[in-house]
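2 protein chains.
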Amino acid sequence: MGKPTVHDIAREAGVSLATVDRVLNDRAGVREKTVARVRDAVSRLGYVRDLSAANLARQRRYRFVFLLPDTTSQFLHALHDAVLEATAALQLDRCDIEVMHVSVGDPVALMAAFDRIEAAGIDGVAVMASETPVLRDRIGRLKTQDVAVVALITDQPNSERDHFVGIDNVAAGRTAAVLTGRFAGGREGKIGIVVNSMMARDMVERRIGFDRVMGEGFPNLTVLPTMEGRDDHAMTERVVGQFLDSNSDVIGIYCAGAGMRGLTKALEDRGLGDKLIVVAHDLTQHSRAALESGVIDVVINQNAGHIARSAARVLKAQCDGVDVIASQEKIRIEIVLRENLP
Amino acid sequence: MGKPTVHDIAREAGVSLATVDRVLNDRAGVREKTVARVRDAVSRLGYVRDLSAANLARQRRYRFVFLLPDTTSQFLHALHDAVLEATAALQLDRCDIEVMHVSVGDPVALMAAFDRIEAAGIDGVAVMASETPVLRDRIGRLKTQDVAVVALITDQPNSERDHFVGIDNVAAGRTAAVLTGRFAGGREGKIGIVVNSMMARDMVERRIGFDRVMGEGFPNLTVLPTMEGRDDHAMTERVVGQFLDSNSDVIGIYCAGAGMRGLTKALEDRGLGDKLIVVAHDLTQHSRAALESGVIDVVINQNAGHIARSAARVLKAQCDGVDVIASQEKIRIEIVLRENLP
DNA sequence: GCGGATATGATTGACGTACCTCATTTTGCC
DNA sequence: GGCAAAATGAGGTACGTCAATCATATCCGC
């Protein structure tokens with residue numbers, strides 16, 4: 001005998017199909033005692049609702065929104081592409097995904113986006129934005145409307161988001177540090193760090209992890225104060241250039257944030273292309289090229305494709321009230337060398 | 001208007017539902033001209049068959065077999081667990097997965113397993129076994145029966161398998177080499193290599209990749225002849241022990257195969273636990289512990305969970321005649337340090 | 001034990017596809 | 001032009017679930 005159906009439940013519980021349906025779909029008008037009888041039959045027979053039949057019957061489509069910053073960076077671009085790819089693939093699974101680019105630093109614009117999401121009756125939202133009280137509250141409000149919410153890249157730890165899709169940035173910083181330290185092989189020297197801005201939580205966390213490992217494991221290396229590139233190539237090039245010109249014994253640079261083109265430019269202009277140990281974040285067109293040419297030694301990557309698919313899967317699972325495979329949804333800190341470039 | 005249905009196709013093509021059905025399901029008895037008319041309408045309207053409705057109607061279940069070696073190793077154990085986990089998750093997607101453990105070195109037993117698979121009317125097979133002409137032919141025969149076939153871990157490059165789920169072992173060897181070399185930081189010394197057996201293609205490939213990078217990039221390091229551990233802890237411990245005792249200036253070991261427990265035992269017994277650079281393959285309970293304690297420095301991993309899920313997804317896509325997301329099915333060469341342990 | 005509210009039953013028609021039967025039309029061939 | 005074979009049409013039932021209607025049964029307070 002195959003999987004039990006609603007008919008089997010009805011028979012087993014001694015009620016009619018209509019009542020089973022009312023119970024399964026949480027409709028009113030059933031006595032508690034009867035509800036219990038049905039629930040009992042469900043667990044006794046091990047009934048699981050056939051989701052595809054259910055979705056077919058109710059003509060269901062899942063509507064998700066990916067809320068991304070409107071700033072541009074190669075990583076964001078890659079993420080956007082990855083979401084589009086996932087969108088195409090999930091079309092067959094009744095999912096409609098829309099990408100909204102919003103000035104996430106602007107609370108008014110951000111809230112307006114959420115208003116539109118709420119008004120449109122969206123089933124789930126993946127939001128990438130830095131943590132603010134306003135956003136936290138807004139996520140709470142979405143949850144009261146039964147909208148699934150996942151935090152993307154940057155966690156919203158004190159909010160009611162259902163899930164975080166991204167990496168542990170402290171661990172990423174530690175990973176960058178240990179690679180830098182071991183590649184240095186005992187030599188003494190200085191290490192520079194470039195970030196977008198120390199206002200961003202991810203950057204701070206990476207720096208914390210980096211410093212901790214450096215302090216514990218590599219006393220031969222001196223980590224210098226953070227340079228801020230403000231997401232801008234020219235700016236990054238300038239600060240890194242000044243840094244290189246005024247420090248003679250630099251042996252490595254950790255680029256925890258964007259602006260990588262400025263960094264490589266500064267290095268190449270000084271003929272340091274393959275002299276320094278350079279660890280950077282996120283595999284993009286540019287960092288891939290720099291890895292291949294040897295300007296960058298290691299890329300610490302959070303896989304954009306994996307992130308996009310994972311977010312979509314988690315949102316769908318949340319809507320369906322189904323468990324996810326934890327290990328599949330764990331975003332790994334990928335270490336990419338020229339030799340294991342995908 | 002929503003997605004087009006078979007009714008729309010029938011109307012658009014000016015034929016009846018029955019004919020559309022015959023065309024879509026490749027049934028006989030339709031003139032070529034009519035087939036073309038229907039196909040035309042399909043592409044004109046952008047019709048895609050609703051797979052869940054179709055599967056519902058035909059009460060379809062996908063039956064897959066994972067054919068794994070009956071030898072035991074921690075990696076195989078992890079893979080087995082991963083397949084079971086995937087099985088549970090895919091239960092909801094109408095997939096029944098069975099794991100068969102077979103003595104893959106024994107052609108008779110292997111062929112018997114294939115016979116059973118063929119007789120049982122299985123929809124797809126994921127096979128992990130070394131490449132032989134017998135196996136190649138058998139895969140070809142399966143393909144004539146419309147059974148989906150993927151090669152697992154070890155490719156069957158000249159067979160008609162639909163897909164290979166695993167890593168590029170030459171690249172893995174290169175990756176191991178560059179990490180060993182850079183961790184050595186210019187020091188001179190000897191590097192030992194441990195494998196199961198040089199009969200296995202994966203081992204040979206890893207060794208090739210390792211040697212090439214070492215030869216090109218690290219003239220300060222001397223790679224010594226391969227030690228064969230034959231998948232056995234005691235054996236591995238003995239050969240590694242002898243190696244360590246008779247070579248004074250060993251600074252690193254690359255463990256390309258199984259038997260890791262023997263390796264770590266040999267190292268620890270000589271107080272070399274954290275003295276040597278040790279690069280090993282595959283994240284298991286044991287290698288995780290060794291990584292945490294510092295005996296092993298790097299694990300090159302092929303993610304068992306990813307492999308199991310990917311194989312199942314590819315088999316299903318093959319049965320459905322659907323494309324896979326290439327980037328999702330690319331098994332990455334993971335570099336695992338203590339700092340980025342998942 | 002009556003009346004009104006509340007629970008439950010019985011039934012039906014979707015959803016999009018598969019697959020079957022039987023009738024009818026068209027085709028190819030001599 | 002006639003005939004068999006092939007192609008097509010028309011229609012129905014099924015898959016498991018949802019959602020609705022309407023009739024009937026059971027409950028509760030008085």
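As given, the protein sequences belong to chains X and Z, one line each in that order. Going by the UniProt record's numbering, the first residue of the first sequence is number 1, and it counts up by one from there. Going by the UniProt record's numbering, the first residue of the second sequence is number 1, and it counts up by one from there. Glycine is no exception: its CB is placed at the ideal position from the N, C-alpha and C atoms. Everything numeric in this text was worked out from a predicted model, so none of it was measured.
- Judged by beta-carbon spacing, V102 of chain Z lies beyond the 7 Å limit of A119 of chain Z, meaning their Cβ atoms are not closer than that value.
- For the pair D269 of chain Z and D297 of chain Z, the Cα-to-Cα distance works out to about 18 Å.
- With a beta-carbon spacing of about 15 Å, M100 of chain X and V150 of chain X fall beyond the 8 Å limit used to define contacts.
- Cβ neighbours of Q318 of chain Z within its own chain (closer than 6 Å, five residues either side excluded): A148 and D162.
- Interface annotation, F164 of chain X: not in contact with chain Z, CB-CB separation never under 7 Å.
- Contact between L152 of chain Z and V127 of chain Z holds, with the beta-carbon distance rounding to 6 Å and staying under 8 Å.
- If one requires a minimum length of 4 residues, the alpha helix (DSSP H) runs lying completely within the stretch 60-140 of chain Z are 74-90 and 107-120, in chain order.
- Contacts with chain X at 7 Å (Cβ-Cβ) do not include K275 of chain Z.
- By the neighbour-count criterion, in which 16 or more other beta carbons inside 10 Å mark a residue as buried, L224 of chain X falls on the exposed side.
- Per DSSP, reduced to three states, the secondary structure at I277 of chain X is strand.
- With distances taken between CA atoms, L244 of chain Z lies nearest to Z:I193 out of Z:V213, Z:I193 and Z:A289.
- Within chain Z, the C-beta atoms nearer than 7 Å to that of I333 of chain X come from N340, in chain order.
- Within the stretch 260-272 of chain Z, no residue places its CB atom closer than 7 Å to a CB of chain X.
- Contact between G262 of chain X and G229 of chain X holds, since their C-beta atoms are separated by about 6 Å, short of 8 Å.
- Contact check for V20 of chain X and A13 of chain X: beta-carbon distance about 7 Å, within the 8 Å limit, so the pair qualifies.
- Here R61 of chain X has R94, C95 and D96 as same chain residues with Cβ atoms under 8 Å from its own Cβ, once five neighbours each way along the sequence are excluded.
- Between V165 of chain Z and A311 of chain Z, the C-beta gap is smaller than 7 Å, which places the two residues in contact.
- Between the alpha carbons of C255 of chain Z and L67 of chain Z lies a distance of about 26 Å.
- When Cβ-Cβ separations below 7 Å define contact, S52 of chain Z makes contact with chain X.
- A280 of chain Z and G241 of chain Z have their C-alpha atoms spaced approximately 17 Å apart.
- With a minimum length of 4 residues, the unbroken runs of alpha helix (DSSP H) contained wholly in the UniProt domain "HTH lacI-type" (4-58) of chain Z fall at 6-13, 17-24, 32-45 and 51-57.
- Here the stretch 134-143 of chain Z makes no contact with the stretch 173-188 of chain Z; the two share fewer than three CB pairs at distances below 8 Å.
- In this chain, the alpha helix (DSSP H) harbouring N169 of chain Z covers N169 to A184.
- Per the C-alpha coordinates, the member of X:V336, X:R22, X:I117 and X:L45 positioned closest to R11 of chain X is X:L45.
- Put simply, of Z:P219, Z:A53 and Z:L283 the residue whose alpha carbon is nearest the alpha carbon of L79 of chain Z is Z:L283.
- Taking one beta carbon from each stretch, the stretch 30-40 of chain Z and the stretch 205-212 of chain Z have fewer than 3 pairs nearer than 8 Å; the two do not touch.
- Relative to V299 of chain X, the option among X:I117, X:L337 and X:A326 whose CA is nearest is X:L337.
- Among the residues facing chain Z, A171 of chain X is included, as its CB has a counterpart in that chain under 7 Å away.
- Secondary structure note for E228 of chain Z: its beta strand (DSSP E) is the uninterrupted segment L221 to E228.
- Contact annotation: in the stretch 175-196 of chain X, residues whose CB is within less than 8 Å of a CB in chain Z are T175, A177, V178, L179, R182, F183, A184, G185, G186 and R187.
- For the options Z:S287, Z:L315, Z:I325 and Z:I307, the alpha carbon positioned closest to that of S73 of chain Z is the one of Z:S287.
- Ranked by Cα distance from H306 of chain Z, the options X:K330, X:N301, X:A289 and X:D232 are led by X:K330.
- Contact residues of the stretch 300-333 of chain Z toward chain X are G305, R309, I325, S327, Q328, K330, R332 and I333 (C-beta to C-beta distance below 7 Å).
- By the Cβ-count criterion, N25 of chain Z is exposed, with fewer than 16 other Cβ atoms from all chains shown falling within 10 Å of its own Cβ.
- Around the CB of G124 of chain Z, 16 or more other CB atoms lie within 10 Å, so the residue is classed as buried.
- Under the Cβ criterion of 7 Å, A89 of chain Z is counted among the residues facing chain X.
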